[in-house]
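Colleague:
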């Protein structure tokens with residue numbers, strides 16, 4: 001296993017050790033022991049910047065399940081490295097922030113275990129070159145994020161948000177798995193690099209379109225795109241460090257990573273371009289519009305995250321147009337990829353800081369409700385300064401980094417209307433309009449964040465706690481991020497050459513990439529659109545009291561959340577009703593359903609899949625064997641007409657003893673003896689149990705009841721006979737019995753073949769069978785003990801009732 005494999009698994013290894021460490025070192029905050037892990041990983045991944053800038057990539061592989069092609073393949077290129085640095089860099093700041101945010105009275109062992117598990121899962125997603133391994137880590141992110149969101153289990157909203165995120169993202173994960181399987185069927189490989197190399201073969205496949213749809217659904221659910229975004233606002237009930245990490249820099253970016261990584265495969269399709277662009281723009285508009293009416297600080301940031309993710313997604317869709325052109329014209333649309341990657345970095349800096357500031361305000365005042373906040377500018381001057389920097393960056397105001405990527409975004413949206421393919425120069429005229437409208441509301445909610453917290457009148461009586469500035473330790477992480485906001489805004493080249501260009505090369509699958517960003521581009525259409533955004537946004541801010549109540553007055557029945565809740569409310573009811581139709585509590589009904597489906601599926605398969613039966617290979621029936629068959633048949637028929645359980649048991653035993661006689665005929669005395677013993681014990685147990693039951697009566701059984709029983713019995717018998725004949729007449733390999741005969745003594749040193757097979761050759765099977773019996777025994781014992789407890793409980797209730805009387 002290489003260093004990269006260790007880097008991916010290191011947080012997961014420490015996640016296992018953290019709870020143990022926490023038991024012995026409770027005097028020191030556990031975060032100090034966790035902090036070195038992401039810091040070391042961040043420094044380690046920094047060492048890959050230089051080779052990545054020169055166009056090199058690192059590829060390392062470790063065998064995992066080679067039989068199915070599931071190998072732990074690691075591939076570090078510009079895109080994977082960028083996400084790895086975000087995961088470990090923001091992760092380091094989040095851990096540092098959590099030390100001051102979470103008190104030692106919290107379950108820190110659980111928290112950091114889940115956080116490190118998530119970090120490992122995200123690294124696995126962005127560095128895996130094998131689709132199966134990527135899917136494994138993809139689902140691990142859903143599982144670990146569920147644990148993080150539900151960390152405060154005493155809050156009902158936390159549990160609701162965790163379950164909601166799990167339901168939606170796991171649904172997307174199943175869709176993604178379907179897309180991956182289809183890609184494998186079209187290409188014959190699980191490796192992403194090899195799939196991209198054989199992209200022509202995949203694009204010509206009839207399942208190409210279906211694979212693309214499944215992949216898009218999987219990516220959209222994880223990155224909270226419309227209409228799957230509804231899980232993200234409710235996930236904000238998690239502790240603020242979780243929100244700052246999962247919902248600004250990592251988990252919600254997984255879908256964006258997947259779209260970027262698989263773009264070389266699907267960019268040839270106009271469906272890919274339009275779907276990714278349209279979903280992104282609708283999400284941008286809808287998220288920014290809803291952010292303006294929120295009254296919870298985290299609610300504002302949640303919907304702002306939704307809108308910003310939509311913005312990045314739309315740029316990835318526009319960038320795919322470059323695959324349909326060459327030369328300078330292709331470079332025009334490649335700029336959208338540069339803008340998307342640049343804004344990915346910028347969003348992680350300003351949004352991570354804003355979440356941390358929100359946590360500081362909540363920590364200091366005891367509330368996130370903007371109706372109770374206000375006038376904190378002089379009380380929390382450091383938080384106010386950091387909010388100004390990061391909020392203006394989110395609004396796209398110079399000289400901060402958000403302005404540069406927002407300008408590049410508007411410019412790419414306008415530029416694509418000149419493309420003469422896929423109706424982009426006609427219907428595509430709506431693209432810049434939606435982008436500008438969404439950016440206007442982005443401007444509004446960014447200023448709303450500042451105004452509602454720090455300006456206006458201070459309301460000390462409405463606050464649960466006395467407002468005060470956050471601690472120095474709590475302000476370190478957002479200060480670092482705010483510093484990056486300014487530095488990248490003034491000197492964008494510090495990230496454009498080492499991070500943006502290599503990442504774009506990975507997406508565009510070309511080395512001809514040049515990413516440059518400037519504060520001043522002249523009086524371009526993008527600059528004019530920016531002035532419109534500022535002007536209209538300012539008017540909307542000043543008139544917010546008139547139009548925001550209209551948005552809040554939208555009926556709940558018109559929201560996606562309402563329909564999700566309705567689905568969650570009625571689905572269990574209808575599922576229960578359907579289940580009750582076949583789960584009646586009678587074993588006979590369950591057996592009828594099971595055997596009926598077995599009969600139908602067997603004979604339907606025989607119709608569509610031809611099998612041959614070679615009667616020449618069937619052994620001849622000897623006269624005394626025929627007598628045993630007649631005996632078994634008569635005994636079985638007598639069971640059907642028996643009116644006494646005792647008589648039924650005797651006939652059933654007759655069937656079993658007759659089968660033992662067959663083993664004697666076939667020269668298997670050991671099996672015959674085993675059958676005699678089992679049959680004797682079974683008969684004794686049946687007699688012991690049935691002694692306590694009332695007499696059996698068949699007078700109430702209807703004709704329909706008996707006919708169904710007869711048909712099922714005949715059908716099952718026919719299925720067993722047919723399958724036996726087919727299996728006997730279609731042997732493709734030599735019988736393994738010859739191997740057992742040849743090696744019973746020399747390999748197992750035994751003379752009894754049956755015993756050797758059970759104990760040595762199939763020892764593992766026998767062991768697990770014994771384990772199953774042990775587990776069943778424990779289950780039965782538990783049920784008996786529970787029954788005794790309930791019985792005692794009922795007796796106590798009866799005594800209490802009698803006493804009250």
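In the UniProt record's numbering, the protein residues as written are 1 to 805.
Glycine residues also receive a C-beta, built at the ideal position from the N, C-alpha and C atoms.
Please report how far the alpha carbon of residue 131 lies from the alpha carbon of residue 192, in whole angstroms.
Modeller: Along the chain shown, one-based indexing puts residue 131 at 131. Along the chain shown, one-based indexing puts residue 192 at 192. Roughly 7 Å separates the two Cα atoms.
Colleague: How about residue 225 and residue 313: do their beta carbons lie closer than 9 Å?
Modeller: Locating residue 225 in the chain shown gives position 225, where the first residue counts as 1. Locating residue 313 in the chain shown gives position 313, where the first residue counts as 1. It is a contact, given that the beta carbons lie within the stated cut-off.
Colleague: Report buried or exposed for residue 153, applying the criterion of at least 16 other Cβ atoms within 10 angstroms of its Cβ.
Modeller: By 1-based counting over the chain shown, the position of residue 153 is 153. Residue 153 is exposed by the Cβ-count criterion.
Colleague: Does the ligand MN have even one heavy atom less than 8 Å from the beta-carbon of residue 320?
Modeller: This structure lacks the ligand MN, and indeed carries no ligand of any kind.
Colleague: Residue 55: which of 151, 612, 76, 678 sits nearest, CA to CA?
Modeller: Position 55 of the chain shown, counting from 1, holds the residue named residue 55. Out of 151, 612, 76, 678, 76 has the C-alpha closest to the C-alpha of residue 55.
Colleague: Determine whether the Cβ of residue 217 lies closer than 9 Å to any Cβ atom of chain D.
Modeller: In summary, chain D is missing from the structure at hand, where a single protein chain is found.
Colleague: On the premise that residue 74 lies in contact with residue 8, defined as a C-beta separation below 8 Å, what is that separation, rounded to the nearest angstrom?
Modeller: Residue numbering aside, residue 8 sits at position 8 when the chain shown is read from its first letter. Residue numbering aside, residue 74 sits at position 74 when the chain shown is read from its first letter. Indeed, because the Cβ distance is near 7 Å, the residues count as touching under 8 Å.
Colleague: The beta strand (DSSP E) that contains residue 73, what's its start and end?
Modeller: Position 73 of the chain shown, counted from the start, is the residue given in the question as residue 73. First-last of the beta strand (DSSP E) with residue 73: 70-76.
Colleague: Are residue 34 and residue 18 touching if we call contact CB-CB under 9 Å?
Modeller: The sequence position of residue 34 within the chain shown is 34, counting from 1. The sequence position of residue 18 within the chain shown is 18, counting from 1. Yes, Cβ-Cβ distance for residue 34 and residue 18 is below 9 Å.
Colleague: In chain order, what residues of the same chain lie with their CB nearer than 6 Å to the CB of residue 253, ignoring the 5 residues before and after it?
Modeller: What you label residue 253 is simply residue 253 of the chain shown in a count that begins at 1. Here the set comprises nothing.
Colleague: What is the rounded straight-line gap between the Cα of residue 276 and the Cα of residue 260?
Modeller: Locating residue 276 in the chain shown gives position 276, where the first residue counts as 1. Locating residue 260 in the chain shown gives position 260, where the first residue counts as 1. Going by the C-alpha atoms only, they are around 11 Å apart.
Colleague: How is the beta strand (DSSP E) around residue 65 delimited, first residue to last?
Modeller: Against the chain shown, residue 65 aligns to sequence position 65. 58-65 is the span of the beta strand (DSSP E), which, as asked, contains residue 65.
Colleague: Per DSSP, what kind of secondary structure is residue 796 in: helix, strand or coil?
Modeller: As a position in the chain shown, residue 796 is number 796, starting the count at 1. With a pLDDT of only 48 at residue 796, under the threshold of 50, the placement of this residue in the model should not be trusted, and no figure is reported.
Colleague: Curious, which full-length alpha helix (DSSP H) runs of at least 4 residues does the region 277-336 contain?
Modeller: The qualifying runs are 297-319.
Colleague: For residue 724, count neighbouring Cβ atoms within 10 angstroms of its own Cβ and tell me buried if that reaches 16, exposed if not.
Modeller: For the purposes of this step, residue 724 is taken as residue 724 along the chain shown, with counting starting at 1. So residue 724 counts as exposed.
Colleague: Less than 8 Å between the CB atoms is what I'm expecting for residue 599 and residue 719, so what's the real figure, rounded?
Modeller: By 1-based counting over the chain shown, the position of residue 599 is 599. By 1-based counting over the chain shown, the position of residue 719 is 719. Yes, residue 599 and residue 719 are in contact; Cβ-Cβ is about 6 Å, under 8 Å.
Colleague: To which residues of the same chain is residue 41 closer than 7 Å at the C-beta, ignoring the five residues directly before and after it?
Modeller: Residue numbering aside, residue 41 sits at position 41 when the chain shown is read from its first letter. The answer, listed in chain order, is 7, 10, 88.
Colleague: How is the alpha helix (DSSP H) around residue 110 delimited, first residue to last?
Modeller: Along the chain shown, read from residue 1 onward, the residue named residue 110 stands at position 110. 108-127 is the extent of the alpha helix (DSSP H) around residue 110.
Colleague: So, under 8 Å CB-CB, residue 408 and residue 517 are touching, yes? Tell me the CB distance rounded to an integer number of Å.
Modeller: Here residue 408 refers to the residue found at position 408 of the chain shown. Here residue 517 refers to the residue found at position 517 of the chain shown. Contact holds; Cβ gap of about 6 Å.
Colleague: Mark residue 762 as exposed unless 16 or more other C-beta atoms lie within 10 angstroms of its C-beta, in which case mark it buried.
Modeller: Within the chain shown, numbered from 1, the residue matching residue 762 stands at position 762. With fewer than 16 other Cβ atoms within 10 Å, it is exposed.
Colleague: Report the partner residues of residue 130 according to the DSSP bridge assignment.
Modeller: Locating residue 130 in the chain shown gives position 130, counting from the first residue. Partner(s): 191.
Colleague: Using alpha carbons as the reference points, say which of 594, 474, 742 lies closest to residue 240.
Modeller: What you label residue 240 is simply residue 240 of the chain shown in a count that begins at 1. It is 474 whose Cα lies nearest to the Cα of residue 240.
Colleague: Taking residue 368 as the reference, give the member of 302, 630, 48, 566 with the closest Cα.
Modeller: Position 368 of the chain shown, counting from 1, holds the residue named residue 368. The candidate whose alpha carbon is nearest that of residue 368 is 302.
Colleague: Determine the direct distance from the alpha carbon of residue 31 to that of residue 468, and round the result to whole angstroms.
Modeller: In the chain shown, counting from the first residue as 1, residue 468 sits at position 468. In the chain shown, counting from the first residue as 1, residue 31 sits at position 31. Taking the straight line from one Cα to the other gives about 24 Å.
Colleague: Express the C-alpha separation of residue 172 and residue 745 in angstroms, rounding to a whole number.
Modeller: By 1-based counting over the chain shown, the position of residue 745 is 745. By 1-based counting over the chain shown, the position of residue 172 is 172. Cα-Cα distance, rounded: 55 Å.
Colleague: Buried or exposed: which applies to residue 520, given that a residue is buried once 16 or more other Cβ atoms fall within 10 Å of its Cβ?
Modeller: Along the chain shown, read from residue 1 onward, the residue named residue 520 stands at position 520. The residue in question, residue 520, is exposed, as its Cβ has fewer than 16 Cβ neighbours within 10 Å.
Colleague: Output the distance between the C-alpha atoms of residue 61 and residue 72, rounded to the nearest integer angstrom.
Modeller: For the purposes of this step, residue 61 is identified with residue 61 of the chain shown, where counting begins at 1. For the purposes of this step, residue 72 is identified with residue 72 of the chain shown, where counting begins at 1. C-alpha separation (whole angstroms): 6 Å.
Colleague: Would you please state the rounded distance, in angstroms, between the beta carbons of residue 395 and residue 442? I believe it to be under 8 Å.
Modeller: In the chain shown, counting from the first residue as 1, residue 395 sits at position 395. In the chain shown, counting from the first residue as 1, residue 442 sits at position 442. With a Cβ gap of about 6 Å, residue 395 and residue 442 count as contacting.
Colleague: Taking the C-alpha atoms as reference points, what is the distance between residue 683 and residue 677?
Modeller: One-based indexing of the chain shown puts residue 683 at position 683. One-based indexing of the chain shown puts residue 677 at position 677. Roughly 10 Å separates the two Cα atoms.
Colleague: So the alpha helix (DSSP H) residue 743 belongs to, where does it begin and stop?
Modeller: The count along the chain shown starts at 1 and reaches residue 743 at position 743. That run of the alpha helix (DSSP H) goes 737-748.
Colleague: If you follow the alpha helix (DSSP H) that residue 410 is part of, which residue opens it and which one closes it?
Modeller: On the chain shown, residue 410 is found 410 positions in, with the first residue counted as 1. It spans 401-415 - the alpha helix (DSSP H) in which residue 410 sits, taken as one unbroken run.
Colleague: DSSP on residue 200, reduced to helix/strand/coil?
Modeller: Translated into the one-based positions of the chain shown, residue 200 becomes position 200. Three-state result, residue 200: helix.
Colleague: Do you know whose CA, among 636, 308, 538, 232, lies nearest residue 444's CA?
Modeller: As a working mapping, residue 444 is identified with position 444 in the chain shown. Per the Cα distances, 538.
Colleague: Taking C-alpha atoms, which residue in 170, 248, 215 lies nearest to residue 271?
Modeller: Locating residue 271 in the chain shown gives position 271, counting from the first residue. Of the candidates 170, 248, 215, the one whose C-alpha sits nearest the C-alpha of residue 271 is 215.
Colleague: Determine the closest residue to residue 316 out of 298, 338, 305, 329, with distance taken between C-alpha atoms.
Modeller: Counting from 1 along the chain shown, the entry for residue 316 is found at position 316. When only C-alpha atoms are compared, the closest one is 338.
Colleague: Could you tell me whether the Cβ atoms of residue 245 and residue 118 are closer together than 9 Å?
Modeller: Numbered from its first residue, the chain shown carries residue 245 at position 245. Numbered from its first residue, the chain shown carries residue 118 at position 118. It is a contact, given that the beta carbons lie within the stated cut-off.
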